[in-house]
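Final position of the sequence shown in our numbering is 143; the numbers increase by one with none missing.
We put the beta carbon where it would ideally sit given N, CA and C, even for glycine.
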Amino acid sequence: MSSQLKVLLFLRQKEGGGGVCYKHDGERFDHPHTLKLNQDTDYIITVQSPLLLRDLMIQGEKYELKEVRPETGKKSDDNLRFSAVFNTSGFAVEKRNNRKNVTVVLMFDGEVTLTTLLQCKFYPQSETDHSRWGNALSWIEYDCRLTEGQSGVLINKELFH
-17 MSSQLKVLLF LRQKEGGGGV CYKHDGERFD HPHTLKLNQD TDYIITVQSP
33 LLLRDLMIQG EKYELKEVRP ETGKKSDDNL RFSAVFNTSG FAVEKRNNRK
83 NVTVVLMFDG EVTLTTLLQC KFYPQSETDH SRWGNALSWI EYDCRLTEGQ
133 SGVLINKELF H
């Protein structure tokens, strides 16, 4: 028996709340989309899911999670939201035609684990021209399937909005 799971991943700069851009690379690299991030920059990563998020790991490093409560007066749906601060120090600036696959692992209650790769291009911290070219990222949507007896989830579809 299997069931569906929808997970949304939001990413924005911590300082000033600026958005993140992405571009469609087609089949030039491992993944069709590339996130454009600045080096040595704090980003807020927010995960929305109907399941309780226990742990978030990026490139093997565990991040402290905080539950994001709905604003007063706003209707809450059945989804939970958790966020963490992700810093890009230690990531090298990518040369032309190179991308970095960043592993993101989401561990939910019930021993459910979603593992995905974010294809990124890192720019110097002060660079704002190339890192802002492309589409503004609102969120990444993962449509997944849970299979009874297995802890990993199968990502059926990944959509950039």
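- prompt: Would you say Val84 and Val135 are within 8 Å of each other, going by their C-beta atoms?
  reply: Locating residue 84 in the sequence shown gives position 102, counting from the first residue. Locating residue 135 in the sequence shown gives position 153, counting from the first residue. Cβ atoms of Val84 and Val135: not closer than 8 Å.
- prompt: Going by Cα to Cα distance, which pick from Ser31, Ile26, Pro32 and Glu123 is closest to Glu46?
  reply: For this step, residue 46 is matched to residue 64 along the sequence shown. Per the Cα distances, Ile26.
- prompt: Looking only at DSSP bridge pairs, what is Val87 linked to?
  reply: Stepping through the sequence shown from its first residue, residue 87 is reached at position 105. Val87 pairs with Met39 and Thr97.
field: Closest Cα partner of Tyr105 within the set Leu(-9), Asn20 and Gly42
entry: On the sequence shown, residue 105 is found 123 positions in, with the first residue counted as 1. Of Leu(-9), Asn20 and Gly42, the residue nearest in Cα terms is Asn20.
- request: Tell me whether the beta-carbon of Gly(-9) lies closer than 8 Å to the beta-carbon of Val29.
  value: Mapped onto the sequence shown, residue -9 falls at position 9. Mapped onto the sequence shown, residue 29 falls at position 47. The sequence shown places Leu at residue -9, not Gly. Their beta carbons are under 8 Å apart, which means Leu(-9) touches Val29 by this criterion.
message: Using a Cβ distance threshold of 8 Å, determine whether the region -5 to 7 contacts the region 125 to 134, with at least three qualifying pairs required.
response: no
- request: Rank Ile137, Ala74, Ala118 and Ser113 by C-alpha distance to the C-alpha of Lys18 and give the top, closest one.
  value: Position 36 of the sequence shown holds residue 18. Ranking Ile137, Ala74, Ala118 and Ser113 by Cα distance to Lys18 puts Ser113 first.
- request: Answer yes or no: do Glu123 and Lys(-12) have a C-beta to C-beta separation smaller than 8 Å?
  value: On the sequence shown, position 141 is the one that residue 123 refers to. On the sequence shown, position 6 is the one that residue -12 refers to. Result yes, Cβ atoms of Glu123 and Lys(-12) sit closer than 8 Å.
task: Assign Thr98 to one of two classes, buried (16 or more other C-beta atoms within 10 Å of its C-beta) or exposed (fewer than that).
output: Position 116 of the sequence shown holds residue 98. Residue burial is scored here from C-beta neighbours: Thr98 has at least 16 other C-beta atoms within 10 angstroms and is therefore classed as buried.
message: Taking the alpha-carbon of Asp90 as reference, which of Ser31, Gly72 and Lys82 has the nearest alpha-carbon?
response: For the purposes of this step, residue 90 is taken as residue 108 along the sequence shown, with counting starting at 1. Checking the sequence, you will find Phe at residue 90 rather than Asp. Of the candidates Ser31, Gly72 and Lys82, the one whose C-alpha sits nearest the C-alpha of Phe90 is Ser31.
task: Check each candidate in Asn61, Asp37, Gln101 and Leu38 and name the one with the smallest Cα separation from Phe73.
output: The sequence position of residue 73 within the sequence shown is 91, counting from 1. The option with the nearest alpha carbon to Phe73 is Gln101.
8 Å Cβ shell around Ser133 - same chain, five flanking residues per side excluded: Within the sequence shown, numbered from 1, the residue matching residue 133 stands at position 151. For Ser133, same chain residues with a beta-carbon under 8 Å away, outside a window of 5 residues either side, are Glu93, Val94 and Thr95 in chain order.
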